[in-house]
Amino acid sequence: MQSSANIDKDRQCSSSCHVVILGAGVSGLCMGSALRRAGITSFVIVEKSAGIGGTWWDSTYPGAECDVCSHLYSYSFDLNPDWSQAYAPQREIHRYLARFAAKFNLLSHIRLNTTLTAARFDAQRGLWLLQLENGHQLTANFFVCSAGPLSEPRHPVIPRLDKYKGRLFHSARWDHDYCFEGKRVAVIGTAASAVQISLASPSWLPSFMFASALPIGSSPG
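Per this note's numbering, residue 2 is the first one in the sequence shown, and the count goes up by one each step.
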């Protein structure tokens, strides 16, 4: 996947701005568009990944798609009538978000490969002091945290997992170079990503199993 077009990843953040937004995922882009529509242009969107889209940049595993209807997985003020299927695949959702960012002139505000390490409000000055991993510091009147719950992969705590000698990786950090042919595969979890992976990859899953820490619910239909 290519990184988002027209974003200068090497350009440094301005040291002072009105608003700093953490995360260029669905909510961060929405916040940025709200500022643009309100006529506010002094803002920066800080994103640690190499591209925009949040989970739709990170999650590229086989079968990745939304688990709610595509038409509901859109901004209410920028609906997409052209979804290819009821549950849009990852690449299509990412393209929608990239078009959205370009349409609302957000690309010049986004700083990719930029990690926030600390945020502190200075009550005397009435400013947020934001420390970046690259050593730079930002100050802002307002700080909006749009780092969603999926911004960091959650790894299960399994006793003796460090003794496992096979290949191990999280669905949000999929290894597309790994060859699964002839391998036995264990999928930990039974949520949407686990089911999507198993259904999308029958050719390299001659033998697989699911494991879940919680009971699985189901309903007719």
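Glycine residues also receive a C-beta, built at the ideal position from the N, C-alpha and C atoms.
Taking the straight line between their C-alpha atoms, what separation do you get for residue i and residue j?
i      : j      : result
Ala201 : Thr140 : 46 Å
Lys184 : Ser199 : 14 Å
Ile159 : Val186 : 16 Å
Thr61  : Arg92  : 8 Å
Ile53  : Tyr165 : 34 Å
His72  : Ala89  : 9 Å
Ile94  : Leu162 : 34 Å
Thr118 : Glu134 : 6 Å
Arg100 : Pro157 : 35 Å
Ala124 : Asn142 : 11 Å
Lys10  : Phe144 : Only weak support exists for where Lys10 lies, its pLDDT of 37 falling under 50; the value from the coordinates is given anyway. When rounded, the distance between both Cα atoms is 21 Å.
His177 : Leu169 : 13 Å
Ala87  : Glu153 : 27 Å
Ser17  : Ile189 : 44 Å
Asn114 : Arg155 : 21 Å
His137 : Ser85  : 43 Å
Gly167 : Ala192 : 23 Å
Ser4   : Ser147 : Bear in mind that a pLDDT of 42 at Ser4, under 50, signals an unreliable position, so the model cannot answer this.
Tyr76  : Glu48  : 20 Å
Asn81  : Ala35  : 18 Å
His19  : Asp83  : 36 Å
Arg96  : Tyr179 : 26 Å
Flag residue i as yes if its beta-carbon sits less than 8 Å from any beta-carbon of chain B, otherwise no.
i      : result
Ala195 : The structure shown contains no chain B; it holds only a single protein chain.
Compare the Cα-Cα distances from residue i to each of the options and report the closest residue.
i      : options                        : result
Asp59  : Ala192, Leu151, Ala195         : Leu151
Asp79  : Phe144, Gln86, Leu98           : Leu98
Ser50  : Val196, Ile189, Arg174         : Arg174
Ala102 : Asp176, Gln138, Cys31          : Cys31
Arg37  : Arg168, Asp83, Asn106          : Asn106
Phe122 : Val188, Ala148, Gln132, Gly149 : Gln132
Thr56  : Gly149, Val188, Val196         : Gly149
Counting only the same chain and skipping the five closest in sequence on each side, list residues whose C-beta sits under 6 Å from that of residue i.
i      : result
Ser172 : Tyr62, Ser194
Ile46  : Ile22, Ala25, Gly29, Gly33, His110, Ile111
If you drop the 5 nearest sequence neighbours on each side, which residues of the same chain put their C-beta closer than 7 Å to that of residue i?
i      : result
Gln197 : Gly64, Ala65, Glu66
Thr116 : Lys49, Leu133, Glu134
Ala120 : Trp129, Leu131, Phe144
For residue i, I'd like the list of residues in its chain whose CB is within less than 8 Å of its CB, leaving aside the five on either flank, ordered along the chain.
i      : result
Tyr74  : Cys67, Ala89, Ile94
Cys70  : Ala87, Tyr88
Gly104 : Sequence check: residue 104 is Lys here, not Gly. Around Lys104: Asp79.
Report whether the distance from the Cβ of residue i to the nearest heavy atom of the ligand ADP is below 7 Å.
i     : result
Leu73 : Ligands displayed in this structure: none; no statement on the ligand ADP is therefore possible.
Take every Cβ of the stretch 128-143, pair it with every Cβ of the stretch 25-34, and state whether three or more of those distances are shorter than 8 Å. no
Quick check for students: name the residue ranges of the beta strand (DSSP E) that lie wholly in the stretch 123-174, counting only runs of 3 or more. 128-133, 138-146
Three or more C-beta pairs closer than 8 Å, one from the stretch 36-51 and one from the stretch 107-124: is that the case here? Cβ pair count under 8 Å is three or more, so yes.
Alpha helix (DSSP H) runs contained entirely in the stretch 26-91, provided each spans 4 or more residues: Correct list: 27-38, 56-59.
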